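Some notes on the structure that comes next.
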Amino acid sequence: MRRLTPYERRFLQLQEEISGNERISILEEENEGIADFDEDPGEVFREIAEKYGMEPAPCFHRSFVRFNRLWTCWRFEEDGVRLTGEFRIGNLPDALATAPPPFSVRSSSPEERRLHSELRVIDDRPESGTGHQAALRLRPGDSDPELRYFHLGLGTLRMDIDYQEYLDALVLTKGASGWQFLFCDITEELRETYDFETASERMKTMLDVFPELFPGHDYSGLRARLEERL
17 MRRLTPYERR
27 FLQLQEEISG
37 NERISILEEE
47 NEGIADFDED
57 PGEVFREIAE
67 KYGMEPAPCF
77 HRSFVRFNRL
87 WTCWRFEEDG
97 VRLTGEFRIG
107 NLPDALATAP
117 PPFSVRSSSP
127 EERRLHSELR
137 VIDDRPESGT
147 GHQAALRLRP
157 GDSDPELRYF
167 HLGLGTLRMD
177 IDYQEYLDAL
187 VLTKGASGWQ
197 FLFCDITEEL
207 RETYDFETAS
217 ERMKTMLDVF
227 PELFPGHDYS
237 GLRARLEERL
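The numbering used here puts the sequence shown at residues 17 to 246.
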């Protein structure tokens, strides 16, 4: 059996935490195994640098995962409390090599459409059917590309975390619907055009039930994020 990287072990444990909890219903679960890369990302990242002109920052080295695809979609419903979540991640070389999907919405400007052409999806929600996706912005010479969260109603929002921090947050949130808003730049203009009440309530619910469902994790950082945005 191939030796796993630290983040591969974390994500397998994440999937087991969800599927092993009898209070949670699993709607979809897949593990398509490990891609044919060495656990040392050095050679992989040298190839990325040559192909894309992008020298991956240390956060990519620390959080290296080689999954072909790791996917879980779940639902919690108990005593009138309902929470859903989903994540689907893979490995960085495949993500960078995959052309972006049609992010554009009717209101997209030419500038936004150019931005969309630079995005490469790292996490999506195919079972939920929302069209929401997280992506890296691939630009030559950018060693630590920015993360963007595509929301069908809001367009492409910039996130204030890097790739490793995204994976860390995903481990905590289990892909709970709307968690990415905790790490997005929510401007006053956005608040005037979109009702974030539902997303806030979902995050409150997550932070109420997760300490009981998944003890042993520290949710104080997520609580602070939510408080900042209320």
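Glycine residues also receive a C-beta, built at the ideal position from the N, C-alpha and C atoms. These figures come from a predicted structure and were not determined experimentally.
For the alpha helix (DSSP H) containing residue i, name the first residue and the last one.
{"i": "residue 237", "result": "236 to 245"}
{"i": "residue 75", "result": "74 to 78"}
{"i": "residue 81", "result": "Where residue 81 is concerned, there is no enclosing alpha helix (DSSP H), given that its DSSP letter is neither H nor E."}
{"i": "residue 35", "result": "22 to 35"}
For residue i, collect the residues of the same chain with a Cβ closer than 6 Å to its Cβ; drop the 5 residues on either side in sequence, then sort them by chain order.
{"i": "residue 177", "result": "199"}
{"i": "residue 51", "result": "82, 84, 107"}
{"i": "residue 49", "result": "84"}
{"i": "residue 225", "result": "none"}
{"i": "residue 30", "result": "187"}
If you follow the beta strand (DSSP E) that residue i is part of, which residue opens it and which one closes it?
{"i": "residue 210", "result": "Per DSSP, residue 210 belongs to no beta strand (DSSP E) and is neither H nor E."}
{"i": "residue 174", "result": "171 to 174"}
{"i": "residue 101", "result": "97 to 105"}
{"i": "residue 42", "result": "40 to 47"}
{"i": "residue 86", "result": "86 to 94"}
Contact defined as beta carbons within less than 8 Å: I believe residue i pairs with residue j. What is the distance between those atoms, to the nearest angstrom?
{"i": "residue 183", "j": "residue 23", "result": "6 Å"}
{"i": "residue 136", "j": "residue 150", "result": "That pair is no contact at about 10 Å."}
{"i": "residue 218", "j": "residue 191", "result": "The Cβ separation is near 12 Å, so there is no contact."}
When burial is assigned at 16 or more other CB atoms within 10 Å of the CB, is residue i buried or exposed?
{"i": "residue 125", "result": "exposed"}
{"i": "residue 104", "result": "buried"}
{"i": "residue 102", "result": "buried"}
From the DSSP secondary-structure annotation, give me the bridge partner or partners of residue i.
{"i": "residue 137", "result": "151"}
{"i": "residue 167", "result": "171"}
{"i": "residue 50", "result": "83"}
Please go through the same chain and pick out, in chain order, the residues whose beta-carbon is closer than 8 Å to the beta-carbon of residue i, but skip the five residues on each side of it.
{"i": "residue 229", "result": "37, 39, 40, 92"}
{"i": "residue 131", "result": "153, 164, 172"}
{"i": "residue 61", "result": "71, 72, 76, 77"}
Can you list, in chain order, the residues of its chain whose CB lies under 7 Å from that of residue i, leaving out five sequence neighbours each side?
{"i": "residue 156", "result": "68, 69, 70"}
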